[in-house]
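Asks: Mind the numbering: the sequence shown is residues 171 to 708 in this note's numbering, read in order. Backbone N, C-alpha and C fix where the C-beta goes; we use that ideal spot for every residue, glycine too.
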Amino acid sequence: MPEKSNSFTSIAIFPEIKHGFNPFDLAYWQNSTKFSSLISHPAELNNFSEQIGKKRDFPFRTEISTILFEQYNSIKLTDRVKTNIERLKSSDSFTVICAHQPCLMGGPLYWIYKIATTIKLCQNLELQFPNKHFVPVYYCGAEDHDFEEINHFQIFNQKIEWKTIPGHAVGQLDAKELSHVIETLQKMFSNSEQAKLFLNKNIEWINQTDNYVDYYRHFVNELFGSYGLLFFNPDNKSAKKLFLPIIKKELLEQFIYSNAKKSIPVIEKLGYHTQVNPRELNLFYHHADGRKRMVFESGIYKLIDAANQWTQEEILTELESNPERFSPNVLLRPLFQEYLFPNLAFVGGGGEIAYWLELKACFDDVNIPYPLLFRRYSAIYFESSILQKISKTSFTELDFLDPITQLESKFVKNQNNTHVLQPEDFKAITNLLEKIKTDSNQLDQSTKTSIEAEIHKIIKSLEHIENKHLKAIKNKLEQEILQIHKIKDNLFPNQSLQERIQNFLPYYFKHGPAYINYLIQMYEPGLNKLYLVQEATV
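Written out as structure tokens, the structure is:
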């Protein structure tokens, strides 16, 4: 049944490759049991009871609660956030975590879909287990140093970019440099009261904070604080000190590499490629010049540019003295997350799920329970203006999920008074030619061969005629076809998934918090489908 509100409606359909999803992603999303040898349990609601049992005696509840309260010390806590941080101390409280880099203004739409999935999953678990509490957590990838991945977003086909000197962990960058981004948005949305309110708050946050991750905490808290979402910054000395035994094991044994490589043949046997190839040492180091990859060669630990190097004794001393300088890479980070939180499930996109599938043996090696892996939901957002344009065509919303070439052909062939050669006409001619070819069997071989060759030429000519006819009709219907292209480009910009390109702000500025609330409430955990979200038309 479609989910409805006063401003939105949505339907859920099975996603397909033609919608823009890759086979590996679709395979796990639609049937996680296929990957049973790479996970603990399939991503199903009835598997949470066992996960709860594994995490009930989690050792760092007080510590992680203290860390979170310290990280929120500059923010006025919502009641839900304060309660959830406090609840983490209780053995009856558990988390569901999503993780993402702090992309500028949230980056592409799937960022908000990922968080919405996480919040709704917790809400459902509260109903399923009324005597327990479930806390949604956003693990912010503030330690990442790939600035070009987070420094831009796209609105109305315009790329808005933050320009600064990259190299350091992005969370440590100066938030003051964001002012020009806010000014650009203020000009773009000068007629929106919701935009004015939100962007003015952004200016306040920029002025109040020293670095990007603290600004981003305000940004996320404004959007999701009322739902109790906790924002965690892993670039934290106390958190790294807790994780010190695992960092030490990675330094001494390189256990991520030795265990993760075991999964590669399994994944390949299933017919897929490995998402991330494990390195022999899966750590970075926060150097004065930036976050740099560590390597281990000939018994010596050093940075990739050889700026620093240590013996085994020296690196262990450095770890004990300055654990905050050691930073997990993409494959060690999941263990950091699960080590710190009483976590039951991880919510991720297709790419994230793919590299998590490499890590089960790594978790087993250090006795950290492996979480349930839930694929975040995906959605295509139909603005009311797009729906009105669709209503003026002969197509439905579902039709626009088909390839553009298919839409063009279908449109042209549906036109009246254009005398388009119909498939049945072509088939009739082909059938007649096939009959002639069959009848020629009674003739001598030379004549038969000659007739077959001529028939082959005629069929090719007919195909050429049909293509030319279609092209001529397309030219005649150029404006209508151009409109179809514009609709398609809105739903699949740059021939990609809308959720990978567009930013959420235009919809948020139009509808306010109701937009976010709908994205959360429409999701039904366990329903592994693609949501088509439609604005109400006036």
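Output the distance between the C-alpha atoms of G518 and R545, rounded to the nearest integer angstrom.
Replies: For this step, residue 518 is matched to residue 348 along the sequence shown. For this step, residue 545 is matched to residue 375 along the sequence shown. Those two C-alpha atoms are separated by around 5 Å.
Asks: Counting Cβ pairs, one atom from each stretch, are 3 or more of them under 8 Å apart for the region 675-682 and the region 694-702?
Replies: With a cut-off of 8 Å, the region 694-702 and the region 675-682 do not count as touching, because too few Cβ pairs lie within range.
Asks: For A182, write down the residues that DSSP places opposite it in a beta bridge.
Replies: Locating residue 182 in the sequence shown gives position 12, counting from the first residue. Partner(s): Y701.
Asks: Which one or two residues does DSSP pair with F565 in a beta bridge?
Replies: Taking the first residue of the sequence shown as position 1, residue 565 is located at position 395. Beta-bridge pairing links F565 to no other residue.
Asks: Can you tell me whether Q615 is buried or exposed, with buried defined as 16 or more other CB within 10 angstroms of its CB?
Replies: Numbered from its first residue, the sequence shown carries residue 615 at position 445. By the neighbour-count rule (16 or more Cβ atoms within 10 Å), Q615 is not buried but exposed.
Asks: Measure the alpha-carbon distance for K607 versus K618 and round it to whole angstroms.
Replies: Locating residue 607 in the sequence shown gives position 437, counting from the first residue. Locating residue 618 in the sequence shown gives position 448, counting from the first residue. Taking the straight line joining both Cα atoms gives about 8 Å.
Asks: Pull up the distance between the alpha-carbon of F389 and that of K246, whole angstroms please.
Replies: Numbered from 1 along the sequence shown, position 219 holds the residue referred to as residue 389. Numbered from 1 along the sequence shown, position 76 holds the residue referred to as residue 246. Taking the straight line joining both Cα atoms gives about 13 Å.
Asks: Taking the alpha-carbon positions, what's the L527 to K605 distance?
Replies: On the sequence shown, residue 527 is found 357 positions in, with the first residue counted as 1. On the sequence shown, residue 605 is found 435 positions in, with the first residue counted as 1. Each residue's Cα considered, the two are about 56 Å apart.
Asks: Which value, in whole angstroms, describes the spacing of the CA atoms of I437 and A182?
Replies: Stepping through the sequence shown from its first residue, residue 437 is reached at position 267. Stepping through the sequence shown from its first residue, residue 182 is reached at position 12. Roughly 29 Å between the two C-alpha positions.
Asks: Where does I330 fall in DSSP's three states?
Replies: Along the sequence shown, one-based indexing puts residue 330 at 160. I330 falls in the strand class under three-state DSSP.
Asks: List the DSSP bridge partners of N513.
Replies: Position 343 of the sequence shown, counted from the start, is the residue given in the question as residue 513. Partner(s): T265.
Asks: If L640 sits next to S579, beta carbons under 8 Å apart, how far is it from one beta carbon to the other, in whole angstroms?
Replies: Counting from 1 along the sequence shown, the entry for residue 640 is found at position 470. Counting from 1 along the sequence shown, the entry for residue 579 is found at position 409. Between S579 and L640 the Cβ distance is about 7 Å, and since that is below 8 Å, they are a contact.
Asks: Hey, would you say N406 sits closer than 9 Å to E494, going by beta carbons?
Replies: Counting from 1 along the sequence shown, the entry for residue 406 is found at position 236. Counting from 1 along the sequence shown, the entry for residue 494 is found at position 324. In this structure, E494 lies closer than 9 Å to N406 by Cβ.
Asks: What does DSSP give as the partner residue(s) for C310 in the beta ladder?
Replies: In the sequence shown, residue 310 corresponds to position 140, counting from 1. DSSP, once it has assigned bridges, lists H270 as partnering C310.
Asks: Please give the ranges of any beta strand (DSSP E) in the region 338-408, keeping only runs that are unbroken, at least 3 residues long and fully inside the region.
Replies: Listed in chain order, they are 400-402.
Asks: Would you identify the three-state DSSP class for H322, choosing helix, strand or coil?
Replies: Within the sequence shown, residue 322 is the residue found at index 152, counting from 1. Note: H322 maps to strand in three-state DSSP.
Asks: Candidates G460, F264, F178: which alpha carbon is nearest P300's?
Replies: Residue mapping note: residue 300 aligns to position 130 of the sequence shown, counting from 1. The residue with the shortest Cα to Cα distance from P300 is F264.
Asks: Given that a residue counts as buried once 16 or more other Cβ atoms are within 10 Å of its Cβ, and exposed if not, what is I285?
Replies: Here the question's residue 285 lines up with position 115 in the sequence shown. Buried: at least 16 other Cβ atoms inside 10 Å.
Asks: Can you give the Cα-Cα distance for N321 and M275, rounded to whole angstroms?
Replies: For this step, residue 321 is matched to residue 151 along the sequence shown. For this step, residue 275 is matched to residue 105 along the sequence shown. The alpha-carbon atoms of N321 and M275 are separated by roughly 9 Å.
Asks: Tell me whether M171 is buried or exposed, calling it buried when 16 or more other Cβ atoms sit within 10 Å of its Cβ.
Replies: Along the sequence shown, read from residue 1 onward, the residue named residue 171 stands at position 1. Residue confidence is low: M171 scores 44 on pLDDT, short of 50, so the model does not pin down where it sits. Its coordinate-derived value is still stated next. Exposed.
Asks: If you run the structure through DSSP and keep just helix, strand and coil, what is M171?
Replies: Taking the sequence shown and counting its residues from 1, one reaches residue 171 at position 1. Annotation note: pLDDT 44 at M171 (below 50); position unreliable, no value reported.
Asks: Alpha carbon to alpha carbon, how far is R670 from N687? Give it in angstroms, no decimals.
Replies: Stepping through the sequence shown from its first residue, residue 687 is reached at position 517. Stepping through the sequence shown from its first residue, residue 670 is reached at position 500. Approximately 21 Å, taken between the alpha carbons.
Asks: Taking the CB atoms as reference points, tell me whether A365 and L675 lie closer together than 9 Å.
Replies: Here residue 365 refers to the residue found at position 195 when the sequence shown is read from its first residue. Here residue 675 refers to the residue found at position 505 when the sequence shown is read from its first residue. Yes, the pair counts as a contact, with Cβ atoms nearer than the cut-off.
Asks: Are the CB atoms of S428 and T444 nearer to each other than 9 Å?
Replies: As a position in the sequence shown, residue 428 is number 258, starting the count at 1. As a position in the sequence shown, residue 444 is number 274, starting the count at 1. Cβ atoms of S428 and T444: not closer than 9 Å.
Asks: In the DSSP assignment, the alpha helix (DSSP H) including E522 goes from what residue to what residue?
Replies: Residue numbering aside, residue 522 sits at position 352 when the sequence shown is read from its first letter. Note, E522: alpha helix (DSSP H), 520-526.
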